[in-house]
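Residues are numbered in the working numbering as their position in the sequence shown, beginning at 1, plus a constant of 710.
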Amino acid sequence: MSKKYNVYGIGNALVDIVTEVDSQFLQNHNIEKGLMTLVDEEHQNRVSNAINMDKSNMQCGGSAANSIIAVSQFGGSSYYSCKVANDELGNFYQKDLKGNGVDSNLHNEELESGVTGKCLVMTTEDAARTMNTFLGITQDYSRAEIRESALKDSEYLYIEGYLVTSENGQDAMKYAKKLAEDNGVKTALTFSDPAMVKYFRDAMVLVVGASVDLLFCNEEEAMLYTEKDNLLEAREELKKAAKRFVITQGENGAMIFDGDTFIDIEPYNVQAIDTNGAGDLFAGAFLYGITNGHSFADSGKLASLASSKVVTQFGPRLEWSQAKEVLNKLN
């Protein structure tokens, strides 16, 4: 029996404000380059005020949201469970998700008062991305946001690692995973960021539990999680945590374990100007591929091509026409 959704995602809802700054700007504002840092609203407003907002691009985001939107752009069906406030940005978020063909738990009359989370994504001249995130109401994300009927009607549950930073988030991750497993829905998890594995490793181990069906991580996250100091040992150890996994390797492509063998995915040689969202898009394209009749190897090629395209422009997403272009090129 076919399911209504290819992928059901859970994660933070953040309005992404994507902008360009120079390295000096980061120093002036005491911002640690190349990392995602959680900040308070006052800091966020201060930095925002120093940026030319007219030259910035705003869209609904959060790591898993970017992946879930990618599934939809490539022609798949997806659902996103998240939390926004009944404010201007919350209403913007809801409309943007819907406009991107994604179903969600958001309905105006049910939204709570508060402040919708936002993420300032700052790209420097060397294509590095630095993120300052004010979580706002999404830090209260809990199992209350999860819609059981939609989750059961999905092929995959996709869990965002960033949720691990709060107890209610950890509870939601475990609750959704158990619900999925009890109803024959496969589970996929992304570690999201090296900091999530470094500082919340014990909690992440509890979320992974006996195992997940599919894990997304980069080289650094793989080594931090397995506590190994080289990739060959780390990938062997990862087999205990995930039935199948993808290790992205930036400009060196990716490595996929399909349950039996390792598949090397060649990179596409491009001039990167903004690496923001490359991992999110890789995961979304890959999930689209495996839930729409493509092999792990072909899904890896699709994901590699898509993420190589997104790093050549600003922002974490492709245009709809670009997603179709990537699919056509592969077909």
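Cβ coordinates follow ideal geometry from the N, Cα and C atoms, glycine included.
Pair within 8 Å by beta-carbon distance, residue i and residue j
| i | j | result |
| --- | --- | --- |
| Q769 | W1030 | no |
| A988 | V1021 | yes |
| I720 | E870 | yes |
| S787 | N738 | no |
| V895 | E931 | no |
| A898 | L997 | yes |
| E751 | K793 | no |
| S777 | G994 | yes |
| L724 | G809 | no |
| K861 | A838 | The sequence given here has Leu at residue 861, not Lys. Their beta carbons are not under 8 Å apart, which means L861 does not touch A838 by this criterion. |
Nearest-angstrom beta carbon gap, residue j and residue i [assumed within contact, 8 Å]
| i | j | result |
| --- | --- | --- |
| G772 | N722 | 4 Å |
| A952 | L924 | 7 Å |
| L1012 | G999 | 5 Å |
| D850 | Y872 | With a Cβ gap of about 14 Å, D850 and Y872 do not count as contacting. |
| F926 | D968 | Between D968 and F926 the Cβ distance is about 14 Å, and since that is not below 8 Å, they are no contact. |
| K743 | S733 | 7 Å |
| Q959 | E929 | 6 Å |
Candidates the options: closest to residue i by CA position
| i | options | result |
| --- | --- | --- |
| G1010 | L1037, A964, I983 | A964 |
| A982 | M746, N928, K1039, D836 | D836 |
| A886 | D903, E877, Y868 | Y868 |
| Y745 | M933, E929, M906 | The residue you asked about is not Tyr; residue 745 is Leu in the sequence shown. Answer by Cα proximity: M906. |
| L807 | E819, F910, Y789 | Y789 |
| L830 | A780, L861, I761, K793 | I761 |
| V915 | E891, V731, A890, K950 | K950 |
| A795 | F1006, E819, A775 | E819 |
| S1017 | A860, L1037, G824, L736 | L1037 |
| N842 | N1041, E943, H753, E730 | H753 |
| F844 | V749, E947, N740 | V749 |
| A774 | N740, Y718, E891 | Y718 |
| V980 | E961, D974, I966 | E961 |
| V661 | L861, K908, A860 | Any question about residue 661 goes unanswered here, given that the chain covers just 711 to 1041. |
Distance, residue j Cα to residue i Cα
| i | j | result |
| --- | --- | --- |
| V728 | T833 | 8 Å |
| R857 | S814 | 9 Å |
| L1015 | L1028 | 12 Å |
| D764 | T985 | 22 Å |
| R853 | K713 | 22 Å |
| G919 | R945 | 18 Å |
| E1035 | E937 | 40 Å |
| T971 | L799 | 45 Å |
| V1057 | Q804 | Within the shown structure, residues of the chain are numbered from 711 to 1041, placing residue 1057 beyond reach of any answer. |
| D884 | I847 | For the record, residue 884 in the displayed sequence is Lys; it is not Asp. Computed Cα separation, rounded: 20 Å. |
| V781 | T1001 | 10 Å |
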